[in-house]
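Trainee:
Residue numbers (the working numbering): 5 to 428.
#1: For the candidate residues 142, 268, 224 and 363, whose alpha-carbon lies nearest to that of residue 402?
#2: Suppose contacts are defined by Cβ-Cβ distances below 9 angstroms. Is residue 398 in contact with residue 385 by that definition?
#3: Alpha carbon to alpha carbon, how far is residue 223 from residue 206?
#4: With 16 other CB atoms within 10 Å as the buried threshold, where does residue 163 fall?
#5: What residues are listed by DSSP as bridge partners for residue 55?
#6: Looking only at its own chain, which residues have a Cβ that is under 8 angstroms from the Cβ of residue 8, when we skip the five neighbours before and after it?
#7: Measuring straight from C-alpha to C-alpha, what distance separates residue 371 and residue 259?
#8: Where does residue 107 land, buried or exposed, given buried means 16+ other C-beta within 10 angstroms?
#9: Hey, how far is the Cα of residue 235 from the Cα of residue 363?
#10: Would residue 395 pass as a contact of residue 337 if the rule is Cβ separation under 9 angstroms?
#11: Compare the C-alpha of residue 52 against each of 63, 34 and 368 and name the closest.
#12: Which class does residue 252 belong to by DSSP, given the choice of helix, strand or coil?
#13: Do residue 184 and residue 137 have their C-beta atoms within less than 9 angstroms of each other?
#14: Note the first and the last residue of the continuous beta strand (DSSP E) segment covering residue 237.
#15: When you compare the CB positions of residue 218 and residue 97, do they come within less than 9 angstroms of one another, or not?
#16: Provide the residue span of the alpha helix (DSSP H) that contains residue 229, from first to last.
#17: How many Å lie between residue 356 and residue 344 at the Cα?
#18: For residue 261, name the three-state secondary structure that DSSP assigns.
#19: Rounded C-beta distance between residue 346 and residue 239? I'm assuming under 8 angstroms.
#20: Does DSSP classify residue 129 as helix, strand or coil?
#21: Give me the Cα-Cα distance between residue 282 and residue 342, rounded to the nearest whole angstrom.
#22: 9 angstroms is my cut-off, CB to CB: does residue 352 come that close to chain D?
#23: For residue 175, which three-state DSSP category applies?
#24: Just mark residue 3 as buried or exposed, buried being the case when its beta carbon has 16 or more other beta carbons within 10 Å.
#25: Going by DSSP in three states, residue 158 sits in which element: helix, strand or coil?
#26: Residues in its own chain within less than 6 angstroms of residue 190 by CB, not counting five upstream and five downstream?
#27: Between residue 333 and the rest of its own chain, which residues show a CB-CB distance below 7 angstroms, the 5 nearest in sequence each way excluded?
#28: Alpha carbons only, please: which of 359, 381, 233 and 142 is nearest the one belonging to residue 292?
#29: Among 257, 237 and 241, whose alpha-carbon lies nearest the alpha-carbon of residue 251?
#30: For residue 91, report the span of its beta strand (DSSP E) as first-last.
#31: With residue 39 as the anchor, note down where its beta strand (DSSP E) starts and where it stops.
#32: If I measure Cβ to Cβ from residue 128 and keep anything under 6 angstroms in the same chain, skipping five residues before and after, which residues do I get?
#33: Verify whether the separation of the beta carbon atoms of residue 391 and residue 134 is less than 9 angstroms.
#34: From this set, 377, 246, 126 and 225, which residue's C-alpha is nearest residue 233's C-alpha?
#35: Quick check: what's the CA-CA separation for residue 200 versus residue 244?
#36: Helix, strand or coil, according to DSSP, for residue 102 in the structure here?
Written as structure tokens, this is what we have:
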């Protein structure tokens, strides 16, 4: 019997399972680190990522929150460029860190032991904000043709892959971001060394966004995307299974089906205190003024040709066209997704119900991604413009309300006289 079994041909993986396996090379366009902080993409785009401390909103005066909203809108107006795109991420992840301490009295040690048991008995989470800047060297077909010829000439002359002028312009935009968002203490994410090896912090954030777990991503000699895909991703009908070597995590994704009629500062704050891990991904691609005005005119003509009776919407479009020409805001293509993680499918169903309720409280009509699940998963990653399933045109004022970088206050992780747990 043993010899007969040994002669059986090896089992082949069914084709339906192979089709569910992701081929990462198509979706991870990250080529190499041009500098310690700048990453080049397959398309020639340049990318830089910032970590933001965020703005505490619970104890802030509404006047200050409204003022921050206007300043954030002004920031996007100041850096607006049709070759520029933004990706923002809120990464809510579980933490179980409890600092060790030395105590002189038995009472203090006993108090710390009981407080440790109380704190670690419940699940704790932390919210982290990230902003990614993408500079595209060309947008239209004419720009791409001119760029290609320019690259060929420069490559022959200096054998350089990245145009130094483009890199200098990108650095200038990054410095503008640092100055305009200084209230959020932006910090550039870069390469770092550990035990004689180099690791990439920006790619580690993207690993967290995709897989829902922290992992170190080393700097490799080849394509950076190959180092980023560390676990198997299997797409189902409405659920993603992220299969690690020891366990699986489950992921469901929501997109926006209908935007609210009005946006306001703090609209998404209900999400920040949820009892599960998630990732909110938003992208905003700036439009040139001519293209934005054409988009508004086209919408007005559509309403006129169909004799749409929504008089208030027609007036809003007229006001928007006037505000656009007056530089009160800029227009851009926006994409939103909420990825919800869980350790089991049953827990995922509960988490998705809570997430949908939080989105409804924010005035957003959400839809769970099904046929477009794979596209929504890869659209979370900066630079994947083609995978955004439902981009919508919104104003920079709307974007400032949907991505205000609000957070709960946080102290120092160590060196404190007193340790307390906050609501988040």
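Backbone N, C-alpha and C fix where the C-beta goes; we use that ideal spot for every residue, glycine too.
Mentor: This is what the structure holds:
#1: Comparing Cα positions, the closest option is 268.
#2: no
#3: 11 angstroms
#4: Because residue 163 sits at a pLDDT of 46, beneath the cut-off of 50, its placement in the model cannot be relied upon, and the following sentence gives the value as read from the coordinates. Exposed, since its Cβ has fewer than 16 Cβ neighbours within 10 Å.
#5: 134 and 191
#6: For residue 8, the predicted model reports a pLDDT of 44, less than 50, meaning its position is unreliable; a value from the coordinates is still stated below. Hits under 8 angstroms: none found.
#7: 5 angstroms
#8: exposed
#9: Roughly 29 angstroms separates the two Cα atoms.
#10: Note that the C-beta distance between residue 395 and residue 337 is below 9 angstroms.
#11: 34
#12: In the structure shown, the three-state DSSP call for residue 252 is strand.
#13: no
#14: 236 to 239
#15: yes
#16: 229 to 232
#17: Here the C-alpha atom of residue 356 lies approximately 7 angstroms from the C-alpha atom of residue 344.
#18: strand
#19: Not confirmed; about 16 angstroms, so no contact.
#20: strand
#21: 7 angstroms
#22: The structure shown contains no chain D; it is built from a single protein chain.
#23: helix
#24: Since the first and last residues shown for the chain are 5 and 428, residue 3 lies out of range.
#25: Its pLDDT being 48, under 50, residue 158 is placed unreliably in this model, and the coordinates cannot settle the point.
#26: 54, 56 and 182
#27: 77, 81, 327, 399, 400 and 401, listed in sequence order.
#28: 142
#29: 237
#30: 88 to 99
#31: For residue 39, no beta strand (DSSP E) run applies, since DSSP gives it neither H nor E.
#32: 99
#33: no
#34: Residue 246 holds the alpha-carbon nearest to the alpha-carbon of residue 233 among 377, 246, 126 and 225.
#35: 36 angstroms
#36: DSSP places residue 102 in coil when its eight states are reduced to three.
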